[in-house]
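Everything below concerns the one structure shown next.
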Amino acid sequence: MPLFLAWDVEIYHLEKGRIVEEGSVQLLEQGPLRAALLVEKRISDTSRLRQIVVITAISRRIDFETEVDWNENRQFLKVEFAWDIMADKVTYETQYGTVQRPTHYNTSWDSAKFEVAGHKFADISEYGYGVALLNDCKYGYAAHNNVVRLSLIRSPKAPDSNCDIGHHVFKYAIYPHEGHFIQSDVVREGYNFNVPLLSKVIPQSKTANVAKALPQFRLEDAPNVVLDTMKRAEDSPDIIIRLYEAYGGHARARLVCSLPMKAIYRCNILEDEMEAVTTSVVSAAGDRTFSTNLRVLDDDIVEMQQEAEMRRQAEGVYLNVGPFQVVTLKISL
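Here is the structure:
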């Protein structure tokens with residue numbers, strides 16, 4: 001019996017499970033870009049599950065949009081997938097990085113890792129192929145041999161007798177990919193699943209003002225570096241950018257902004273400036289030489305400076321990032 005019912009779970013709970021009985025399945029959508037199935041199941045006499053299983057023409061991902069009416073007593077709802085993959089480790093996302101845990105119980109230390117805390121994904125891969133299990137709000141995974149599980153809902157009775165009772169809405173997905181995890185785009189797909197692209201129609205008369213007010217940043221040349229956060233500085237109108245290396249290797253990334261970047265500083269988590277970051281291209285006007293019989297007009301100088309600024313902004317800023325390193329930048333526009 002666990003000492004703390006709301007926090008602890010023992011390995012023997014995996015021996016007592018039952019498969020939720022088959023339910024009804026009906027075709028919900030069938031279009032050129034998206035298809036969906038509606039699945040409804042009875043978990044027990046008091047609990048129901050409703051899922052919309054979605055596939056699209058633009059992604060390899062299969063989404064499970066889930067609603068559960070949960071009224072159980074000391075039960076644990078999980079979803080599991082068995083893959084034709086041989087791997088001795090599974091990769092789980094943590095904050096700004098990943099951690100690997102074994103898929104076997106060879107030692108007591110290994111068996112103690114039967115339940116693993118993770119963020120947006122758990123990935124099982126072998127040479128040439130892998131599958132990631134994505135989610136948008138669940139943080140407990142389990143893997144044994146080729147089976148990967150995601151913990152969905154519990155119903156402990158202490159210290160709160162109504163813990164998790166009620167209506168739940170969440171999503172998870174499976175994402176197959178080529179290559180091993182470190183060769184894949186699983187990290188970015190985890191972000192796409194949790195922070196989907198939102199579109200908004202803006203009147204054409206306001207487009208220019210919006211472009212100036214909302215600078216666009218992008219990272220290039222380093223697929224293993226992720227742009228995680230963009231926010232206003234706490235004590236100034238500057239922009240704070242936080243990026244990190246996600247796969248455990250060195251990288252040289254290029255940060256490009258749609259607006260001129262006047263000054264860039266590396267800073268700490270308190271946004272204190274630590275060191276200045278130089279732009280990648282020196283002003284071309286400073287590199288030009290002229291013979292003594294050539295008269296340079298003011299208009300020529302202005303034009304050269306403008307061209308140099310455009311080239312500098314197009315090149316962006318190069319940043320050296322170490323394995324799993326977190327880099328915070330303060331940018332003045």
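Heads up, the sequence shown is in full-length UniProt numbering, so the first residue is 1 and it goes up one at a time.
The beta carbon of each residue, even a glycine, is placed where N, CA and C say it ideally should be.
In this text the structure is predicted, and so the values were computed from the model without any measurement.
Ordered along the chain, which non-local residues of its own chain (more than five positions away) have a Cβ less than 6 Å from that of V99? Y92, listed in sequence order.
Using the C-alpha atoms, what's the distance from L319 back to D136? Their backbone Cα atoms lie some 30 Å apart in a straight line.
Using 8 Å as the cut-off, can you tell me whether the segment 37-44 makes contact with the segment 7-19, which would need three or more C-beta pairs spanning the two stretches below that distance? No: the two stretches stay apart, fewer than three of their Cβ pairs being nearer than 8 Å.
Do the segment 125-142 and the segment 156-172 meet, that is, are 3 or more Cβ pairs less than 8 Å apart? Between the segment 125-142 and the segment 156-172, the count of C-beta pairs closer than 8 Å reaches three or more; the two stretches touch.
By the 10 Å Cβ neighbour count, where 16 or more other Cβ atoms means buried, how is L3 classified, buried or exposed? By the Cβ neighbour-count rule, L3 is exposed, with fewer than 16 other Cβ atoms within 10 Å of its own.
Using the beta-carbon count (16 or more within 10 Å), is E109 buried or exposed? In the sequence on display, residue 109 carries Trp and not Glu. Flag for W109 reads exposed.
Can the beta-carbon of V90 be found closer than 8 Å to that of A6? Taking 8 Å as the Cβ cut-off, V90 and A6 do not qualify as a contacting pair.
Between C163, A158, S111 and S155, which has its C-alpha nearest N145's C-alpha? Ranking C163, A158, S111 and S155 by Cα distance to N145 puts S111 first.
Which residues bound the beta strand (DSSP E) around S332? Per DSSP, S332 belongs to the beta strand (DSSP E) from V326 to S332.
Note down the Cα distance separating C257 from V327, rounded to an integer number of angstroms. Rounded to whole angstroms, C257 to V327 spans 17 Å at the Cα level.
For Q183 and A233, I'd like the C-alpha separation in whole angstroms. Cα-Cα distance, rounded: 34 Å.
Of the residues V321, W70 and L270, which one's Cα is nearest the Cα of G166? Nearest option by C-alpha distance: W70.
Is it a yes or a no for the segment 120-127 touching the segment 190-203, going by three-plus beta-carbon pairs under 8 Å? The segment 120-127 is in contact with the segment 190-203.
Measuring only the C-alpha atoms, how far is E80 from L243? Between the alpha carbons of E80 and L243 lies a distance of about 32 Å.
Taking the alpha carbon of I269 as the reference point, which residue from A246, N209, A253 and I241 has its own alpha carbon closest? Residue nearest to I269 within the set A246, N209, A253 and I241 is I241 (criterion: CA-CA distance).
Can you tell me whether W83 is helix, strand or coil according to DSSP? Collapsing the DSSP output to three states places W83 in coil.
Out of P260, K330, A208 and E189, state which residue places its alpha-carbon closest to the alpha-carbon of S236. Measuring from the Cα of S236, the nearest candidate turns out to be K330.
Beta-bridge pairing of C257 - partner residues as DSSP gives them: Beta bridge pairing from DSSP links C257 with F217.
For a test of the three-state rule: what should DSSP assign to Y244, helix, strand or coil? In this structure, Y244 counts as strand in the three-state DSSP scheme.
Using a 10 Å radius around the Cβ and a threshold of 16 neighbouring Cβ atoms, would you call E245 buried or exposed? With 16 or more other Cβ atoms within 10 Å, it is buried.
Between the Cα of R101 and the Cα atoms of V148, V68, E220 and A57, which residue gives the shortest distance? For R101, the closest alpha carbon among the candidates V148, V68, E220 and A57 is that of V148.
Report the residue ranges of all beta strand (DSSP E) runs contained in full by the segment 67-152; include only those spanning at least 3 residues, in chain order. Correct list: 76-82, 89-94, 97-102, 121-126, 129-135 and 140-144.
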